Amino acid sequence: MTERPLEISWFAPSCWGDTARLGVDDPGRRATFAYNAKVIQAADRLGFRNVLIPSSFVPGMDPWTLAAALGPATTTTRLLPAVRVGEFDPPMFARAARSLQQVMGGRLTVNIISSERAGETLDGTARYQRTAEAMALLKAFWSDDHVHHEGEWWTYDLPTTATRTRTPPPLYFGGTSEPAREAAAEHADVYLMWIETVASTAALVADLRERATRHGRALRFGLRTHVIVRDTEDAARTAAAELVSELDPDVGRRLKESSHDHASEGVQRQDALRSAAGDDGFVEDALWTGIGVARSGVGAAITGSADQVEAKLRAYADLGIESFILSGYPLDDEAERVAELVLPRFELGSLDP
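Sequential numbering from 472 applies to the sequence shown in the working numbering.
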């Protein structure tokens, strides 16, 4: 069977910055423009196919601003800025995306975040209903001749001269709650998951694939994970232990709880993954859960030798996952290791809508 090209991507330090030891501040790796530029341009040079620029409501730098500033400074990698639905008006954002897509020569992708507006409180169902409406509107403004829309959240009767494009950016979107899954199945191009066990991930892929089929659609799938790769398994496990060696449990708890999404269903699933792990933090072969002690997002890392990391990525690829968004601590150093030890083992490509 011919191997499918995989979109193996990297991660930018736009929110909290970066560190070589969890819980230990590294002044040279804070969420500055200079450090983001270093990491993103290195990912471009090293051959990663995309770079996720994450978003958090308060800390760090604005992902869209970073993408606009650094897109022209890259040559081959795509950029995947996270965009919070509570912070944009669909036709205005559609125009901005069309403009940046032109600037980047078609290398823009968009990570849709189901967020509230500043100062707003919505339950999950309403928030994802608005997100679904936003994704439908973006696609309409990029593709239709005219948008006449009377929805729950927006009403428009507008021409699309300023927004229509032949190269609409693919929409990456994630979430494991019931309304999130339905929004993804109906509107997303790429359903993005946080790493879990292979069996749990297979169940999630099957569920989303069946939901998309009911809507007459076909989803593509992506996986977000940390990675710790070394020449040997022992060296990788040593690196994992060093990563948390100076972490004060109280500091880790505060770091985790300071995130806006620390109580989400996705984070709860990551916590359950860690609870199921053995005393060494491994929940299955090459999947270490220790990172979740200090962060509320994805809390596990594919950890092992280059052979083990390759085998683990291929196990997920066999489920139908085509996009992998990797990260490691610190981002600049680990990108070099992954590029040397992992990327040459795969045929690389990019995902289209």
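Even glycine gets a Cβ: it sits at the ideal position worked out from N, Cα and C.
These numbers were taken from a predicted model, which means no experiment stands behind them.
Handout entry: Alpha-carbon to alpha-carbon, E736 and P815
Key = P815 and E736: Cα-Cα distance of roughly 35 Å.
Problem - Sequence-distant residues of its chain with Cβ nearer than 6 Å to A655 (five each side left out) - result: Leaving aside the five residues that flank A655 on each side, the residues in its chain whose CB is nearer than 6 Å to its CB run, in chain order, F644, Y662.
Problem - Assigned secondary structure, M606 (DSSP; H/G/I helix, E/B strand, else coil) - result: Helix, per DSSP.
Exercise for the section: Please go through the same chain and pick out, in chain order, the residues whose beta-carbon is closer than 8 Å to the beta-carbon of L551, but skip the five residues on each side of it. Expected result: If we look at L551 and ignore the five residues flanking it on each side, its Cβ neighbours are S480, N521, V522, L523, I524, T580, V581, N582, Y643, I796.
Handout entry: Segment limits, beta strand (DSSP E) that includes A553
Key = Start and end: 549 to 555.
Exercise for the section: Counting only runs of 3+ residues fully inside the region 486 to 549, write out the beta strand (DSSP E) ranges in chain order. Expected result: Listed in chain order, the complete beta strand (DSSP E) runs (minimum 3 residues) inside the region 486 to 549 are 521 to 524.
Problem - Proximity of V669 and Y787 at Cβ, strictly below 8 Å - result: The answer is yes: Cβ separation under 8 Å.
Problem - Per DSSP, cross-strand counterpart(s) of M563 - result: M563 is not bridged to any residue.
Practice task
Kindly examine the ligand PLP and report whether one of its heavy atoms sits closer than 7 Å to the Cβ of G590.
Solution key: The ligand content of the structure shown is nil, which means the ligand PLP is not present either.
Handout entry: Residue from D678, D616, P630 whose Cα sits closest to the Cα of L690
Key = The option with the nearest alpha carbon to L690 is D678.
Exercise for the section: Throw me the rounded Cβ distance for the E793 and L477 pair, which I believe falls under 8 Å. Expected result: 6 Å between Cβ atoms; contact.
Problem - According to DSSP, residues forming a beta bridge with R691 - result: Partner(s): V661.
Practice task
For the beta strand (DSSP E) containing V581, list its first residue and its last residue.
Solution key: Unbroken beta strand (DSSP E) run through V581: 581 to 584.
Handout entry: One or two residues paired with S776 in a DSSP bridge
Key = S776 is bridged to R701.
Handout entry: Cross-strand partners of V618 (DSSP beta bridge)
Key = In the DSSP output, where bridge partners are listed per residue, V618 has L629.
Practice task
Let me know if V574 comes out buried or exposed under the rule of 16 or more other beta-carbons within 10 Å of its beta-carbon.
Solution key: That one is exposed.
Exercise for the section: Consult DSSP for L718 and reduce its assignment to one of helix, strand or coil. Expected result: Correct three-state label for L718: coil.
Practice task
Would you list the residues sitting across from I762 in a DSSP beta bridge?
Solution key: According to DSSP, residue pairing for I762 in a beta bridge does not occur.
Problem - Alpha-carbon spacing of V556 relative to M606, whole angstroms - result: About 9 Å.
Problem - Within 8 Å, strictly: CB atoms of G499 and E717 - result: No, the Cβ-Cβ distance between G499 and E717 is not below 8 Å.
Exercise for the section: Identify the continuous alpha helix (DSSP H) that holds S648 and give its terminal residues. Expected result: It is not in any alpha helix (DSSP H) - S648 carries neither H nor E in the DSSP assignment.
Exercise for the section: Taking Q739 as the reference, give the member of T647, D660, L593 with the closest Cα. Expected result: For the residues T647, D660, L593, the minimum Cα distance to Q739 belongs to T647.
Practice task
Using a threshold of 8 Å, state whether the C-beta atoms of A565 and T634 are closer than that.
Solution key: Against a cut-off of 8 Å, the Cβ pair of T634 and A565 comes out as a contact.
Exercise for the section: Examine chain C for any beta-carbon lying closer than 8 Å to the beta-carbon of W665, and answer yes or no. Expected result: The chain inventory of the structure shown lacks chain C, comprising one protein chain alone.
Exercise for the section: Using the Cα positions of P594 and E807, report the straight-line distance between them to the nearest angstrom. Expected result: Here residue 594 is Asp; the residue named in the question, Pro, does not match the sequence. So the two alpha carbons sit approximately 41 Å from each other.
Exercise for the section: Determine the direct distance from the alpha carbon of G590 to that of P640, and round the result to whole angstroms. Expected result: Answer to the nearest angstrom: the Cα atoms are 29 Å apart.
Handout entry: In DSSP terms, what S480 is bridged to
Key = For S480, DSSP records a beta bridge to I796.
Handout entry: E667 versus L744 - alpha carbon distance
Key = If you take the alpha carbons of E667 and L744, they lie about 7 Å apart.
Problem - Neighbourhood of D823 by C-beta distance below 7 Å, restricted to the same chain and skipping five residues each side - result: If we look at D823 and ignore the five residues flanking it on each side, its Cβ neighbours are P641.
Practice task
Going by DSSP, name the residue or residues bridged to F452.
Solution key: No information on residue 452 is available, as it lies outside the stretch 472 to 824 that the chain covers here.
Exercise for the section: Counting only the same chain and skipping the five closest in sequence on each side, list residues whose C-beta sits under 7 Å from that of A683. Expected result: A656, A689, L690.
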